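Protein chains in written order, with my numbering: chain A, 60 to 406; chain B, 25 to 549.
Backbone N, C-alpha and C fix where the C-beta goes; we use that ideal spot for every residue, glycine too.
Bear in mind that the values here come from a model prediction, so they are computed numbers and not experimental data.
Comments concern the structure below.
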Amino acid sequence: MEIIKPGINIDFVGKRQLAYTVSSVLIVLSILSLIWHGGPRYGIDFAGGALIQVKFDRPAPIDRIKDGLGELGIAGATVQRMGEAADNEVLIRTEAAGVDTGAFIPALRKALEASSEAAVEVRRVEMVGPQVGKDLREKALLAIFFALTFIAIYISGRFEFKWAQSGVVALVLGGAVYGLYTFGVSMPFIILSALIVTLVLFWVLGLKYALGAIVALLHDVIITVGIFSIAEKEFTITVIAALLTIIGYSLNDTIIVYDRIRENLKKLLKTPLAAVINRSVNETLSRTILTAGTVFVVVAALYLLGGEIIKDFAFAILVGVVVGTYSSIYVASSIVLTWQERARKRR
Amino acid sequence: MKRFSVRLAIVLAVIVTAVVYCLPTFKTDLWPRKRINLGLDLQGGMHLVLEVDTAKAVQSTIDRNFLEIRDLARKSQVQNLSLERSGPTKIAVQVSGRENVAAFKQLLEKDLRDLRRNIQTEDADQLALSLDLADADADHIKKLAVDQALETIRNRIDQFGVAEPDIRRQGDNRILIQLPGIQDSDRAKDLIGRTALLEFKLVDEAHDVNAALQGSPPPGSEILYKVDEDAATKRASRTPYLVRKSALLTGASLTDARVQIDSQFGEPYVSIDFDKKGARVFERVTGENVGKRLAIVLDNKVYSAPTIQEKIGGGRARITGRFTMEEARDLAIVLRAGALPAPVTILEERTVGPSLGADSIRAGLISMAVGGLLVLLFMGIYYKLAGLLAVFEVLLDILLIGAGLAAFGATLTLPGMAGIILTIGMAVDNNVLIYERIREELRLGKTPRASTDAGFDRATTTIMDANITTLIAAVVLFQFGTGPVKGFAVTLSIGVIASMFTAIVVSRLVFDYVLTTRKVRKLSI
Numbered sequence: 060m061e062i063i064k065p066g067i068n069i070d071f072v073g074k075r076q077l078a079y080t081v082s083s084v085l086i087v088l089s090i091l092s093l094i095w096h097g098g099p100r101y102g103i104d105f106a107g108g109a110l111i112q113v114k115f116d117r118p119a120p121i122d123r124i125k126d127g128l129g130e131l132g133i134a135g136a137t138v139q140r141m142g143e144a145a146d147n148e149v150l151i152r153t154e155a156a157g158v159d160t161g162a163f164i165p166a167l168r169k170a171l172e173a174s175s176e177a178a179v180e181v182r183r184v185e186m187v188g189p190q191v192g193k194d195l196r197e198k199a200l201l202a203i204f205f206a207l208t209f210i211a212i213y214i215s216g217r218f219e220f221k222w223a224q225s226g227v228v229a230l231v232l233g234g235a236v237y238g239l240y241t242f243g244v245s246m247p248f249i250i251l252s253a254l255i256v257t258l259v260l261f262w263v264l265g266l267k268y269a270l271g272a273i274v275a276l277l278h279d280v281i282i283t284v285g286i287f288s289i290a291e292k293e294f295t296i297t298v299i300a301a302l303l304t305i306i307g308y309s310l311n312d313t314i315i316v317y318d319r320i321r322e323n324l325k326k327l328l329k330t331p332l333a334a335v336i337n338r339s340v341n342e343t344l345s346r347t348i349l350t351a352g353t354v355f356v357v358v359a360a361l362y363l364l365g366g367e368i369i370k371d372f373a374f375a376i377l378v379g380v381v382v383g384t385y386s387s388i389y390v391a392s393s394i395v396l397t398w399q400e401r402a403r404k405r406r
Numbered sequence: 025m026k027r028f029s030v031r032l033a034i035v036l037a038v039i040v041t042a043v044v045y046c047l048p049t050f051k052t053d054l055w056p057r058k059r060i061n062l063g064l065d066l067q068g069g070m071h072l073v074l075e076v077d078t079a080k081a082v083q084s085t086i087d088r089n090f091l092e093i094r095d096l097a098r099k100s101q102v103q104n105l106s107l108e109r110s111g112p113t114k115i116a117v118q119v120s121g122r123e124n125v126a127a128f129k130q131l132l133e134k135d136l137r138d139l140r141r142n143i144q145t146e147d148a149d150q151l152a153l154s155l156d157l158a159d160a161d162a163d164h165i166k167k168l169a170v171d172q173a174l175e176t177i178r179n180r181i182d183q184f185g186v187a188e189p190d191i192r193r194q195g196d197n198r199i200l201i202q203l204p205g206i207q208d209s210d211r212a213k214d215l216i217g218r219t220a221l222l223e224f225k226l227v228d229e230a231h232d233v234n235a236a237l238q239g240s241p242p243p244g245s246e247i248l249y250k251v252d253e254d255a256a257t258k259r260a261s262r263t264p265y266l267v268r269k270s271a272l273l274t275g276a277s278l279t280d281a282r283v284q285i286d287s288q289f290g291e292p293y294v295s296i297d298f299d300k301k302g303a304r305v306f307e308r309v310t311g312e313n314v315g316k317r318l319a320i321v322l323d324n325k326v327y328s329a330p331t332i333q334e335k336i337g338g339g340r341a342r343i344t345g346r347f348t349m350e351e352a353r354d355l356a357i358v359l360r361a362g363a364l365p366a367p368v369t370i371l372e373e374r375t376v377g378p379s380l381g382a383d384s385i386r387a388g389l390i391s392m393a394v395g396g397l398l399v400l401l402f403m404g405i406y407y408k409l410a411g412l413l414a415v416f417e418v419l420l421d422i423l424l425i426g427a428g429l430a431a432f433g434a435t436l437t438l439p440g441m442a443g444i445i446l447t448i449g450m451a452v453d454n455n456v457l458i459y460e461r462i463r464e465e466l467r468l469g470k471t472p473r474a475s476t477d478a479g480f481d482r483a484t485t486t487i488m489d490a491n492i493t494t495l496i497a498a499v500v501l502f503q504f505g506t507g508p509v510k511g512f513a514v515t516l517s518i519g520v521i522a523s524m525f526t527a528i529v530v531s532r533l534v535f536d537y538v539l540t541t542r543k544v545r546k547l548s549i
């Protein structure tokens, strides 16, 4: 069976202006949503706070639960149903202060049992102090930055034999980031400027494959974050894990296209780069769609059946698979081509 | 290319080893191998991160020094002395008068050598200076405080009885505690977090409590409360006590603490034994203060303040306070294990009940089965027999991940399970790459043999490049991650390596077998 007929020749490269427009619109929308919401909506991992998952043995109305919480003196808590209505399960979010003593949970159980007249089982308690949250936020940004840097070195090395050049760039940037961090400059600012400097440097030094891959990855991460922001979903550590997985997955796709370009460039010496790229994307299209399909199917199973705790993780990967597949077809190689054309004009 | 039989032997050896590592997880008594550890989110349990307030440890050292200087000065009859706490870790001293200055200087040389001095004015009959701890000493105290807290908490948990607790230092002043499968997490949390500083302090009978409540307590005394809960109404009442600040004895002088039952009221109490020195002090203090009240203070709360009837020898005392059996037992544990050198605060807690963990495992397995089945269907239809081979290899990957987890003693967490599910989707990618290549070569009119060889050779570099980048992301994730996320990074990494092995080595072996030994003319791909 074949989904994509052999010898297919869709003009992907020719539509790259359209692709750039679509991507730019998505990125701008993502950033606007982030600004509108005042930054990402952090879960307790990053913002600090407490989260208590409670199961009742019979239906318990939310306002009764809130009454019980009010008696305990935690009126500002939010109560949210979890899973099916028949599960009688809720998630209570509140501040970290107060939850950190051993007396809190027994008191909570007692108050909820009194107000809801149902037996209460506290199934999960997560409490993260504010300092821990701040540390983790910084670590998450650092992790994404370093993942991108290492990947950039690897791509420049493997595809353009520029190990040394990209290594030096990465080393200097990594050192600068670490140095600024120890001087106490705010982490989001450092990472943002480091990324911009990285992109500019890669452009100037002509590390075009790494440049294309990094742009594609940033594109995927920003759009996934944006969709999370638009859907008003929370950022937790597992979502960061999902983002890094998306980086790995989307890169996988990109590299397979690059690999074909590398191979075809050796074979087709006289063909213009645009045609080579387009042919490579077409030749790998069948594989790209097939793999995206299997990954999408299993992650969809995870999203639908894997339980509430893992749902956001699965959602992030679902979005990432779609965006990542699109970006490796339309964005990554187009950047290589755009760089090449600009470089020729200058000459 | 190595000989077929050699490669077959390697593949079989890998499979057998994987089975050997995996089996004990399902049948525990088969052979003495480690099982796959389940993370706290899957088996239920408690994960705590504590911060030791090391600044408090330094502060209480200064507190002790302050009281010591006062006593020493009184003994050497230094007059016109003003002692003041000029900061949390600083003592300001002012002495005037020729003899007093001389006497105090002698004290400094003889007894207070380990304090750092910062002299402001110094002449024959005027001395003003501040005393604190040298930075190196303060750092040492901080380090010691964390070590001691770690040891104390370990003792407490051992005595509480938790199977396979994991207690370790994290960073400079944090302690990570993992208690798998714990049932009574609230009690454990109380037991761990309690400072458990036991002090015996005399009640200040010379001054009135109510006057002190209105104004400020007289120097050298403080107000502490006794909290009682009415059994019927559950209302707590607080009784103030005016007690002397300096403790006559502390929990440091204990040798044992046990729960006993009062024969008269049938209430549990905690009986404590002092060491020799403590027993002597206790005997002297009780002898000197007959008729006065002695407050038993735990973590700045008065438990009881009985009147001393007579001199008490034998080095034994009892702590009463309307305990339940459990409370008395926990109190005995913390007293035996000793006080924390500084208070701790819980920075992070993650507690999962056992039923939720079981639900998560079930949901994970179901989605794994459904996802696997869909991939099987998809691959079978698309690549026919070769597709089924790919699915078999995915199963082998899962086996290898299990073996890897068991062999490295890694932990399987809920995100780790998600990682395995993700591997099911991504692992077939390597096969897809190879198969697409073989199809391309077949289309060029090559023989199955030649197409297979070319397909594998070309796809191998692609697979390498594509997978190494995923590995890079996984390794960074491992570095950054905490508990559950680390588990995800581990399964993802092992999954990537395993799928490279199965796609490149195992598939090749099967193709070679089919083409060479069975002399198949047409590939089912």
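Only counting the same chain, and skipping five residues up and downstream in sequence, which positions put a Cβ closer than 7 Å to that of A:Thr283?
Within the first sequence, residue 283 of chain A is the residue found at index 224, counting from 1. Answer for A:Thr283: Leu302, Ile305, Ala375, Val378, Gly379, Val382, listed in chain order.
So B:Leu266 and B:Pro241 are in contact, right, with Cβ under 8 Å, and what is the actual spacing, rounded?
Within the second sequence, residue 266 of chain B is the residue found at index 242, counting from 1. Within the second sequence, residue 241 of chain B is the residue found at index 217, counting from 1. Between B:Pro241 and B:Leu266 the Cβ distance is about 6 Å, and since that is below 8 Å, they are a contact.
Mapping DSSP to helix, strand and coil, what is B:Pro330?
The residue you call residue 330 of chain B lines up with position 306 of the second sequence. Reduced to three states, the DSSP call for B:Pro330 is coil.
By DSSP, does A:Met60 sit in helix, in strand, or in coil?
As a first step, residue 60 of chain A is located in the first sequence; it is residue number 1 there, counting from the start. Of the three classes helix, strand and coil, the one that applies to A:Met60 here is coil, per DSSP.
Give me the chain B residues within the contact set of A:Gln139, using Cβ-Cβ distance strictly less than 9 Å, ordered along the chain.
In the first sequence, the residue the question calls residue 139 of chain A occupies position 80. Here the premise fails: no neighbours, minimum Cβ distance about 16 Å.
Am I right that B:Ile518 and B:Gly428 are in contact with their C-beta atoms under 8 Å? What's the rounded C-beta distance?
For the purposes of this step, residue 518 of chain B is identified with residue 494 of the second sequence, where counting begins at 1. For the purposes of this step, residue 428 of chain B is identified with residue 404 of the second sequence, where counting begins at 1. Going by Cβ atoms, the distance from B:Ile518 to B:Gly428 rounds to 4 Å, so yes, they are a contact pair.
State the DSSP-derived secondary structure class of A:Thr350, mapped to helix, strand or coil.
Sequence index remark: in the first sequence, residue 350 of chain A carries index 291 (1-based). If DSSP states are grouped into helix, strand and coil, A:Thr350 belongs with the helices.
Against chain A, does B:Ser270 count as a neighbour if the rule is that its beta carbon must be under 8 Å from one of theirs?
Within the second sequence, the letter at position 246 stands for residue 270 of chain B. By this cut-off, B:Ser270 is not an interface position.
B:Asp286 to B:Glu334, Cα distance in whole Å?
Residue numbering aside, residue 286 of chain B sits at position 262 when the second sequence is read from its first letter. Residue numbering aside, residue 334 of chain B sits at position 310 when the second sequence is read from its first letter. Their backbone Cα atoms lie some 21 Å apart in a straight line.
How close, in whole Å, do the beta carbons of B:Val82 and B:Arg198 come, if the pair is a contact with beta carbons under 8 Å?
By 1-based counting over the second sequence, the position of residue 82 of chain B is 58. By 1-based counting over the second sequence, the position of residue 198 of chain B is 174. Actually they do not touch by this definition, with Cβ atoms about 17 Å apart.
Thinking just about the alpha-carbon of each residue, which of B:Asn234, B:Glu350, B:Ile425 is nearest to the one in B:Phe184?
Along the second sequence, read from residue 1 onward, the residue named residue 184 of chain B stands at position 160. Closest by alpha carbon: B:Glu350.
So, at 8 Å on beta carbons, what are the nonlocal neighbours of B:Leu273 in its own chain, with the 5 sequence-adjacent residues on each side left out?
In the second sequence, the residue the question calls residue 273 of chain B occupies position 249. The answer, listed in chain order, is Glu223, Phe224, Phe298, Gly302, Val305, Phe306, Val309.
Can you find a C-beta in chain B that's less than 8 Å from the C-beta of A:Met186?
Looking up residue 186 of chain A in the first sequence gives position 127. Answer yes: the Cβ-Cβ gap between A:Met186 and chain B drops below 8 Å somewhere.
Verify the contact flag: B:Leu533, CB atom, against every heavy atom of the ligand GDP, threshold strictly below 7 Å.
Ligands in the displayed structure: none, and consequently the ligand GDP is not present.
Taking only runs of the alpha helix (DSSP H) that begin and end inside the stretch 51 to 130 of chain B, which ones reach a length of at least 4 residues, in chain order?
64 to 67, 78 to 99, all fully within the stretch 51 to 130 of chain B.
Checking the sheet assignment: what are the DSSP bridge partners for B:Glu253?
Looking up residue 253 of chain B in the second sequence gives position 229. B:Glu253 is bridged to B:Ala260.
Measuring CB to CB, does B:Arg551 end up less than 8 Å from A:Gly161?
Past the edges of chain B, shown from 25 to 549, lies residue 551 of chain B, and the structure says nothing about it.
Closer than 9 Å, Cβ to any Cβ of chain A: which residues of the stretch 205 to 219 of chain B, in chain order?
The stretch 205 to 219 of chain B vs chain A, Cβ under 9 Å: Ser209, Asp210, Arg211, Ala212, Lys213, Asp214, Leu215, Ile216, Gly217, Arg218.
Could you check if A:Ile315 is buried or exposed, using at least 16 other CB atoms within 10 Å of its CB as the buried criterion?
For the purposes of this step, residue 315 of chain A is taken as residue 256 along the first sequence, with counting starting at 1. The residue in question, A:Ile315, is buried, as its Cβ has 16 or more Cβ neighbours within 10 Å.
Give a yes or no on contact between the stretch 367 to 386 of chain B and the stretch 181 to 190 of chain A, applying the rule of three or more CB pairs nearer than 8 Å.
Touching, yes.
For the alpha helix (DSSP H) holding B:Thr176, just list the boundary residues, first then last.
As a position in the second sequence, residue 176 of chain B is number 152, starting the count at 1. Residues 159 to 184.
Looking at chain B, is there any beta carbon in it that lies within less than 8 Å of the beta carbon of A:Met60?
For this step, residue 60 of chain A is matched to residue 1 along the first sequence. Yes - at least one Cβ of chain B is within 8 Å of the one on A:Met60.
For B:Asp453, would you say it is in contact with chain A, using Cβ-to-Cβ distances shorter than 8 Å as the test?
In the second sequence, counting from the first residue as 1, residue 453 of chain B sits at position 429. Yes, B:Asp453 counts as interfacial toward chain A.
Near B:Leu91, what residues of its chain come up, given a Cβ to Cβ distance below 6 Å and the 5 sequence neighbours on each side ignored?
As a working mapping, residue 91 of chain B is identified with position 67 in the second sequence. The answer, listed in chain order, is Ser270.
Identify the continuous alpha helix (DSSP H) that holds A:Gly271 and give its terminal residues.
Locating residue 271 of chain A in the first sequence gives position 212, counting from the first residue. Residues 267 to 289.
Going along the chain, which residues of its own chain have a beta-carbon closer than 6 Å to the beta-carbon of A:Leu260, five neighbours each way excluded?
Taking the first residue of the first sequence as position 1, residue 260 of chain A is located at position 201. Around A:Leu260: Val228.
Expressed to the nearest angstrom, what Euclidean distance is found between the alpha-carbon atoms of B:Ala341 and B:Asn313?
For this step, residue 341 of chain B is matched to residue 317 along the second sequence. For this step, residue 313 of chain B is matched to residue 289 along the second sequence. So the two alpha carbons sit approximately 16 Å from each other.
If the cut-off is 7 Å on Cβ atoms, which residues from the stretch 388 to 416 of chain B count as contacting chain A, listed in chain order?
Taking 7 Å as the Cβ-Cβ cut-off against chain A, the residues of the stretch 388 to 416 of chain B that qualify are Gly388, Ile390, Ser391, Val394, Gly395, Leu398, Val399, Phe402, Ile405, Tyr406.
Nearest to B:Ala173 by CA position, among B:Glu460, B:Thr484, B:Pro365, is which residue?
Position 149 of the second sequence holds residue 173 of chain B. With distances taken between Cα atoms, B:Ala173 lies closest to B:Pro365.
Please compile the residues from chain B whose C-beta is within a distance smaller than 9 Å of the C-beta of A:Tyr308.
By one-based count along the first sequence, residue 308 of chain A stands at place 249. Correct list: Leu446, Met450, Thr494, Ala497.
Touching or not, the stretch 382 to 391 of chain A and the stretch 346 to 357 of chain A, by the rule of three or more beta carbon pairs under 8 Å?
Contact between the stretch 382 to 391 of chain A and the stretch 346 to 357 of chain A is present, because at least three Cβ pairs lie under 8 Å.
To the nearest whole angstrom, what separates the beta carbons of B:Glu460 and B:Val530, a pair I think is in contact under 8 Å?
Position 436 of the second sequence, counted from the first residue, corresponds to residue 460 of chain B. Position 506 of the second sequence, counted from the first residue, corresponds to residue 530 of chain B. Contact doesn't hold; Cβ gap of about 18 Å is too wide.
Residues in the stretch 167 to 191 of chain A with C-beta within 8 Å of chain B's C-beta atoms, listed in sequence order?
Of all residues in the stretch 167 to 191 of chain A, Glu180, Val181, Arg182, Arg183, Val184, Glu185, Met186, Val187, Gly188, Gln190, Val191 have a Cβ within less than 8 Å of some Cβ in chain B.
Rank A:Pro165, A:Asp279, A:Lys292, A:Pro118 by C-alpha distance to the C-alpha of A:Ala144 and give the top, closest one.
Position 85 of the first sequence, counted from the first residue, corresponds to residue 144 of chain A. Nearest C-alpha to A:Ala144: A:Pro118.
Going by alpha carbons, who is nearest to A:Leu232 out of A:Asn147, A:Ala155, A:Ile63, A:Thr208?
Counted from its first residue, the first sequence places residue 232 of chain A at position 173. Comparing Cα positions, the closest option is A:Thr208.
Let me know the secondary structure DSSP gives A:Glu293 once reduced to three states.
On the first sequence, residue 293 of chain A is found 234 positions in, with the first residue counted as 1. Here A:Glu293 sits in coil by DSSP.
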